[in-house]
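S.K.: What follows is a single structure, and I will ask about it in a moment.
Residue numbers (the numbering used here), protein chains in the order written: chain A, 387 to 760; chain B, 387 to 760; chain C, 387 to 760; chain D, 387 to 760; chain E, 387 to 760.
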C-alpha cells in the first residue's frame, strides 16, 4: 500500500504565532549527554537540567551537548534563553518534519537534517536531527536516543587528533557526515528490494508486485525529499561559507556534500528503474493476454468448422430423395467424415504454426529458463 | 468532473486602461476594522469611511486596517488618494484572481496571496488576500470577512510582546504566515482523500474513481499555482530585502518561505501519487480483462471439443453399413463417450492448471484480503 | 485535424542577404493613421505618405503612427530612411511570423508581439504587431487594420490624463497591455471548449473527440509560443530597463508582464488538462472493451455447457442396448434435462454475480447519470 | 527504420594525442576558391596551394577563402602553419561530426555549424561547415563543394554596398545566416511529411506508418542537435561579444540567433506532434480492436442461444412418453420455434442497439468521411 | 536482466570518520611506474616504494607516477605524508565508485573520472581513475593496470614535442582526454546493439527483446552518470581556471570538455531511442493481438450461423404434420441448404473484406519483407 502518511508533519495549532514552540503529544522526555573536549582532554557529563548543561560551556574547549527527546516545553524554552537561540529555530526543533536546511542566525548556524535508521526487522525509520553550531558549542536534538552518532562519540573518546584539535565547526561537519553515511545502507536495501521485485515482475507478475513497486517508488520519493534539500543547503554553504566555518573544515563539508549528491544520483536511478518495472509488468500482462487469446483462437478455430460438419450430417433431410445427403448412405461415409475432419484440423494447425502461434507457450517457457542464466 | 472554472478571473472590461479599477458585479460592500497598537496599548475601531480610517494613523503606532468586501468603487479610489497607493496595485486588489506576488512601490510593499478555507462540509474555497505595508501601516483586503486572520488579532489583543513591540513589517509577515498556515489542513485533507482513493482504486476500480483522481490532480494544480509563485516572490524578497523590512523580521519571513516550500514539496508528491493511481487503475483494468478472458477461454476450450464429439454421434450415417459409426451399436458406447469426455476435460483442466490460469480468481481474492493487513 | 500550418512563416527568398525587406505576395497596401498629443491637446491625421507622416513629428509632443498593411516595399524602405530605423528590424516587420521579442537599437526600442482576435464565428486569428518606440514617437505596424487598439485610441481622445502627460514609453506599454488583454477572452474560449470536450470524452468517447482534444492541445502550443517569449522579453526589460523607459512606466510594464505570466500559467494548466482527457478517453475505451468482453463471456459461458448437453441427448446411440442413454427413455427425462439446464445457468449466473460481472452495465449507467449532478 | 547511424562521427584513431589531425578515408581532395574585396573592388582567384592562397591576404581588404574537401592532410597542416591557426581547431575541421560551437582563440574566432541540404530526390544531408574569422580573413571549410553559400558570393559580386564596406566579421555573420536560412526549407519538408503522416495515421494506421513517425521523430532529434548548440553558442557570443566582432555586426548576429531560436521552437512543436501521432495511432488500434470485438460479440451472442434451442429439439428423447418434448408433435411447433428464435434475436439486437454497439461501424465510417472536410 | 549492482560502491565501514582510508578487501597490491621528463630527456623507473617514487621528483622536470592497485593501506597513507595530499582526497582514491569531480586543494588539483574498457568478449567494465596534479607532478591511481593510458606513454617516449615541453597541467589534460576518448568505442557498441535490437523489436518482438532494451537503457544511465558530472566539473574548471592550469592548456581542456558534451548528447539520443523501441514493441504486441482477434472473429462469425442452420435441420419435429419442417422432405432441400450456407459465408466474407480484416495477415507479412529493404 502506497504510504501517504509521511506527508503529515507535526504542527503548532493553527493560528499560533510563528516561533511558538509546541510540544508534540507523546514526545519523549529529554535526556542530556555532554562531551567537553580540547586537544588535550575530554570529559563526559550527564547534566540533569539545561542550566547544568549551560554551565559546562568553557572557553577554549568544545562542548557537544546532545538532547534526545523533545517532550519538555519548559526545557526547550530554557534553551532559547540560556543559549541565546532564536525561538523560531527552536520551534523548528520541536515541530519535526521540517525540510532539511542550513540557516544563518549571525553567531549561530542552524542545521536541520533527516536521519534514517534501518531497524533489525528491515523497517526504515526517518527522524529529524536539528543542530546548532556556535563558537565552542554544538547542540544536537533528536527525537529518540539514536545510535547513529555513537561511533562519532567513540572516535572523540579515542582521541582522534584531527577532530579534537579542530573547533566546533569540524564537529558539526562530522555529525552531518555521520547522518549522510547512514543513508547508504538504506540505499543498498532498496537496491536489493528492487532486484527482488524485478525478478518477481518477470517471473510472477501479480498485481501485488506492482503495488510493491509503487510502494518502493514512493519511499524513494520520501528519501529524495530528505536528501535533495540537504544537497542544496550544503552547496549554498560551500559557495558562501559562514564565518564560523574555518577553511580547514571546508574539504570535509565538500566531502559530505559529495556523498549527498551520490545519494541523489542513485535515488534518481532507482526511481527510473521503478518506471521500467511498471513497463515490464504491463508488457508481461499484455503477453499473457496474448497467450490466452491464442489458445482460445486456435482451439475454437479448429473445432468450429468441424462441429458445423458434424451438425450437417446430423440433419434429418429425407434421405429417400436422391439428392438429399447421399453421403449418409455411402459405405465409407463415416470414415470419409473423419478424414475430412483430420485434414481440416491439420491444415489449420499448419497455418497457425506458420503464424508462430503454436510454439508460444513452449518458447516463452524456454526463455524464462534462460533468463536467470543470463 | 475536472474543474476548469478556476482559471476564470475577474477582469476589467477589455480595452480599459491598465490601472482602471473595476468592481466585480456582486462583490460585497466593504466593512472596515482597525487595530492601532504600540508596545504599551491597543485600540480597536470600526471606522465607517476611508477618511475615518485614515485619521487613525498615528506616528509611533502601527495601524492594521482590514477591509472585507471589494464592492465599493468609490472607497477603493479613495484608498488610492488618501493612502497614496498606486492605482495599479489597487486595481489588482479589485480584480481578484491575481498571481501571488510581492511588488515594491518605493515606500509601500504590495503583497498578493491566496487564502484557502476548508468549509464545514469539506468544500475548499480560495480567496485573494491583498496587503499593503508601509511605515506604521498594514492594509489588508479580503473578498469576504474571513476568520483565518482572527487568531492573529487575538494574539495582538492578548499583547504578544514580540509582535506588539515590532513594526508593521512584522505584522505583515505574520499575516502571510497565518495564510500559509491555513494551507496545511487542506493538504492533509487531500492526503486523506488520496488514501481513500487509493483504497478504492485497488478494491473497486470503477471509472468514477478515476475521474475523482483527475479531479484531485487538478485541484492540486490549482493549489500549486497559489503556492509556487508565493514561494518565488518570498525567496526574491529574502535575497534582496526591501528597506521597509527590518533584519529582525527576516527570520520570520524565512520561516514563512520555508513553510511554502514544504507545501510545494508535498503538492508535488501528491501529484506524482495521482499519476501512480492512474497506472494502478489501468493495470487493474487490464487484470480484470485478463480474468474475464481466462474464464471464457477455459470454459470454451473444454466444451468446444466435447460438443463436437456429441455432434459426431448425432450424425445420421446409415449404421446398417458396417463401417458407419459402429460405436453407436456397441453396448458400452455411451459410457465410453462420457469417459472420453471426462478424460479430455481432465487433461485440459490439468493443462490450464499448469499454465496458472485456474487459481487466478482465488489467488487474486486472497491477495485482496492480505493487502489491507500489510 | 491537427494543424501544422502555423509553423510556416513568411521568409525572404533563400539566399537573400539578412536585412533584405521582402514583401509577402497578397499583403495589403498600407494605411496610415497618426495621433499627435501632449497633455494639453490632441490632433489626428491620416497622412498619405511616409514623408507626410514624418513631418508630424514635433518636439514636446508624442506621435503615434499606426501602419496597417505591409504590402508596400517602397514605403517600408522609406521608413528605414526617414525614421532612422534599422533595416533588420523593418525586415522583421515585413517577414511576419517572428518570435515575440524586445530589441534595443540604441535610441529606438523594437517590440514584436502576436495579437490574437476572436472572430464572430469563433475562429481564432493570430497576427504580428511590430512596434518601434523612440523619444516622442511610437510606430506600430499591423497586417490588417485591427480593432484591438481602438479602445486605446478612444482613451487618448477622451484625454486620459495620466497617459497624455506621460511620454512615448507609456504609450508603448499601453499598446502591449492592450495586446495582452486580448489574450484573456481567447483563453476563456479554450476553457469553455475544454469543458465541452471533457463532457464528450466522458459521455461519448468517439475517436473524433480525441482528435479535437489534440487540436486544442496544438492550438494551445501555438498560443504558448506567442506568450512565452513575450514573457521572457518583458522580464529581461524589467530587470535591465532601457534608458528610454522612465521609472514611472515600469509599474505598468510589470503589470503587463504579470498578465503574460498568468496567461502562460493557464496555458500550462490547459495543456495538462488535455493530457488528462486523453487518459480518460483511453480508460473509457478500455472500459467499453471490458463491458463487451463480459457480455460475451457471460452468455457464451452459460450456453456452451447447455449446448453440449443438448448435443449429448441428440446422439444416436442404439438405445435398445441397456447402458446406452437410458435417460432418453425415462418418463421425465426431458423435464429433468431442462431442470439441469436451469440449475446450471443459475449457478453460473450466481458465480458471475459474485465476480461483479453482471451489474456492470447497469452500474455504469447509474454512474453516468450521477456524474453530471456532481 | 530508425536511423542510429548519425551518431557515428569521424575520430582520430584511439590514443592519438588531441590536436592530431586525421584525415577520413575517402574524403575529397580540397579545392580552393578565394574572393578578395573591399568597398571599391572585388577579385576572384582559384589558388592551387595553401601558399598561393596565403599570398592573397592583403591589408585593408577582406579575403574569403573557401576550402571544399578535407582529404589532404598536408594541406590542413599547412593551414595551421601559414594562417597561425590552432591545431586543435584544424583537427576539429577534419574530424567532422563536431557539435556546433563558437571558440575564441585570441586573434581568431572559430565557428562550427552544421549545414543541411535538401537533395532533389527529397533526401536530407547534413554536412559540417567550419569557419575561421580573423582580421581581414574568413576561412570556410566544407566536406563537399556546396551551393548553399553561392547566393552569398553572388551578392558580393553584385557589390552589395553594406557587406562590401564592412569587415570580415560581417562576412562571417552572413555565412552563418546563409547556413541557418537553409534550415527553413527542411523544416517545411518535415512539416509536410508530418501532415501526410497524420492523414495516414487517422485513415490507414498500419505499423509501417508508426515506424515512419518514429523515423521523423529521430531525424528531428538530429536536427535539434544541430540547432540547439548553435543557439547556445550564438547567445553566449551576443552576451559577451568578441573584440573581433564590431558593434555594427551585432544586430545581424542577433538576427541569425533569432532565426535559430525559431528553428528550435518549431522542432520542439514537431516532436510533440510526433508524440500525439503515436497516441492517435494507439487509440486507433484500440478502436479497431473494439470494433472487432463488438462484431464477434453481437453475432455470437445472438446465435449461441438459438443454437442451443435447435440442439434441444434435436434431442432423441422418447416422445412416446407424454412429458418428453411434446412440442415436437405440435402442429405449429416448427413455426413456433422460428418465432421464438426471431423474437430472441430481435430482443438482443434491440439491447445491443441501446448499448450503442450496432451503429459503430457505420458511425465510424461517417466520421472518417467528415474529418477531412473539417 | 536489469543491473542494479552498479549502484553499490565501496565504503568505509559506517561510523568511520571522514578521511579514514579504508582498503577494499581483494583490491590488488599497488605497482608503481614513473616517467620523469623534460623537453630534452625522458627516464622511466619502476620504484618499489612510495619513498623511492618521491625521490624521483625533481625541479624543472615533470614526474608522472602511475599507481595500479589500491590494496595497500600503508602505501596510501605514505602518499598522504610524502606528497602532502589531503587525506580526504586519498580516501576518495581508495573508496572507488566516486562521482567524477574536480577538486581544488590549493597547490594540488584532484580529479576523479570513470574509465571504461571494452573487453574482448564484448563486456563493458567501468573503473575509477583518480589523479593529483601539482607543480611538476601528475599522480594517477587505477584499480587494475590498465592499457587505456599506454598510448599516451608511448607518445611521451616518442618525444611529442608539444607535450614534453609543457608542464604537468598539459599531461593531466592528456590523461583526461585519453579517458574520454575511450568512451567513443563503447558508445558505438551501444549504437550497434540498439540497431540490432530495433531489428528484433520489429521482426521478433519477444519479451526477452524488451528486457534487453531495458538493460541497454540502464547501462546508458550508468554511462550518463559517468559522463554528466565530468562535463559539469570541466565546464566549471574552464569558467574559473585554477592557477596551476596555464592558458596554453585551456584549449586542450576545452576540447576534452567538448568531447564529453558530445558523449552526453549521444547518450540522451540513445535513451530516447530506447523509449521509442518500447513504444514500437507495445504497438507490435497490440497488432498481434488484433490479428489473432480478427482470425477468431472471422471464422467464428462465419460458422456460428451455419452451425445454427445445421442444428435447425437436425431437429426432430414430427414432419408428418404439414407445417413442421417441410424443407426436409423437399427433393433439393439438402442442396438448397448448402447453397444458403455458401451464400451466407460469401456475404460475410465480402463484408469482412470491406472492413479490411481479411488481407491483414498477408499485408503485414508483405510489410515485414519490405521494411528491411527500406
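Quick reminder that beta carbons are idealized off the backbone N, C-alpha and C, glycines included. These numbers were taken from a predicted model, which means no experiment stands behind them.
With respect to the alpha helix (DSSP H) encompassing residue 411/E, which residues constitute its N-terminal and C-terminal limits?
M.R.: From DSSP, residue 411/E is part of no alpha helix (DSSP H); its letter is neither H nor E.
S.K.: Name the chain B residues that come within less than 7 Å of residue 697/C, Cβ to Cβ?
M.R.: Under the 7 Å cutoff, chain B gives 693, 696, 697 and 700.
S.K.: To the nearest angstrom, how far is it from the Cα of residue 559/C to the Cα of residue 450/C?
M.R.: Each residue's Cα considered, the two are about 13 Å apart.
S.K.: For a contact meaning CB atoms closer than 7 Å, what does residue 632/E contact in chain D?
M.R.: The premise fails here: residue 632/E is roughly 14 Å from chain D at the closest Cβ pair, so nothing lies under 7 Å.
S.K.: Using a C-beta to C-beta distance shorter than 8 Å, which residues of chain C count as neighbours of residue 485/B?
M.R.: The contacting residues are 644, 647, 648 and 651.
S.K.: Taking only beta-carbon atoms, is residue 741/A less than 9 Å away from chain E?
M.R.: True, the Cβ-Cβ gap to chain E drops below 9 Å.
S.K.: Against chain A, with Cβ distances strictly below 9 Å, would residue 596/E count as a contact?
M.R.: True, the Cβ-Cβ gap to chain A drops below 9 Å.
S.K.: Run through DSSP, which three-state label would residue 669/B get?
M.R.: Reduced to three states, the DSSP call for residue 669/B is helix.
S.K.: For residue 572/A, which of 582/A, 639/A and 605/A has the nearest alpha-carbon?
M.R.: Closest by alpha carbon: 605/A.
S.K.: Within its chain, find whatever has a CB closer than 7 Å to the CB of residue 619/A; leave out the 5 residues flanking it on each side and keep chain order.
M.R.: 486, 487 and 488, listed in sequence order.
S.K.: Whose C-beta lies closer than 8 Å to the C-beta of residue 742/A among residues of the same chain, with five residues either side of it excluded?
M.R.: Taken in chain order, the list of residues that qualify is empty.
S.K.: Using three-state DSSP, classify residue 631/B as helix, strand or coil.
M.R.: The answer is coil: DSSP assigns residue 631/B none of H, G, I, E or B.
S.K.: So what does DSSP say about residue 495/A, is it helix, strand or coil?
M.R.: Residue state, collapsed to three classes: strand.
S.K.: Alpha carbon to alpha carbon, what distance is there between residue 567/E and residue 659/D?
M.R.: Each residue's Cα considered, the two are about 37 Å apart.
S.K.: Give every residue of the same chain whose Cβ lies closer than 7 Å to the Cβ of residue 466/B, excluding the five residues on either side of it in the sequence, and list them in chain order.
M.R.: Here the set comprises 473 and 476.
S.K.: Determine, for residue 659/C, whether the minimum Cβ-Cβ distance to residues of chain B falls below 9 Å.
M.R.: Output row for residue 659/C: interface = yes.
S.K.: So, does the stretch 621-632 of chain C touch the stretch 667-674 of chain D, judging by three or more C-beta pairs under 8 Å?
M.R.: Segments in contact, no.
S.K.: Could you pull out every residue in the same chain whose Cβ sits closer than 8 Å to the Cβ of residue 615/E, ignoring the five residues on either side in sequence?
M.R.: Hits under 8 Å: 485, 486 and 487.
S.K.: Using a Cβ cut-off of 9 Å (strictly closer), state whether residue 666/D contacts chain C.
M.R.: Taking Cβ atoms only, chain C reaches closer than 9 Å to residue 666/D, which makes this a yes.
S.K.: Going by the DSSP bridge assignment, what does residue 528/D pair with across the sheet?
M.R.: DSSP lists 454/D as partners of residue 528/D.
S.K.: Listing by chain order, which chain E residues have their CB less than 8 Å from the CB of residue 670/A?
M.R.: Neighbours of residue 670/A on chain E, chain order: 593.
S.K.: At a Cβ cut of 9 Å, what residues of the stretch 556-572 of chain E count as close to chain D, listed as they run along the chain?
M.R.: Under the 9 Å Cβ criterion, the stretch 556-572 of chain E contributes 559, 560, 563, 564, 567, 568, 570 and 571.
S.K.: Using the rule of at least 16 other Cβ atoms within 10 Å of the residue's Cβ for burial, across every protein chain shown, is residue 536/B buried or exposed?
M.R.: Exposed, by the Cβ-count rule.
S.K.: What residues in the stretch 711-733 of chain C bring their beta carbon closer than 9 Å to a beta carbon of chain D?
M.R.: Per Cβ criterion, the list reads 711, 713, 714, 715, 716, 717, 718, 719, 720, 721, 723, 724 and 727.
S.K.: Can you pull the chain C neighbours of residue 686/D, defined as C-beta to C-beta under 7 Å?
M.R.: The answer, in chain order, is 682 and 686.
S.K.: Within 10 Å of its beta-carbon, does residue 748/A have 16 or more other beta-carbons around it, so buried, or fewer, so exposed?
M.R.: Confidence at residue 748/A is low in this model, with a pLDDT of 42, below 50, so its placement is unreliable and no value can be given for it.
S.K.: Give the range of the beta strand (DSSP E) segment to which residue 488/C is assigned.
M.R.: Residues 487-490.
S.K.: State the Cα-Cα distance for the pair residue 715/A and residue 707/A, rounded to the nearest angstrom.
M.R.: Rounded to the nearest angstrom, the two C-alpha atoms are 12 Å apart.
S.K.: What is the DSSP secondary structure of residue 740/A, reduced to helix, strand or coil?
M.R.: Three-state result, residue 740/A: helix.
S.K.: Which of helix, strand or coil does DSSP assign to residue 514/C?
M.R.: Strand at residue 514/C.
S.K.: Three-state secondary structure (DSSP) at residue 348/A?
M.R.: Outside the displayed range of chain A (387 to 760) lies residue 348/A, so it cannot be described from this structure.
S.K.: Counting contacts by CB-CB distance shorter than 9 Å, is residue 760/C in contact with chain D?
M.R.: Residue placement at residue 760/C is flagged as unreliable, the pLDDT there being 34, under the threshold of 50; a coordinate-derived value is accordingly withheld.
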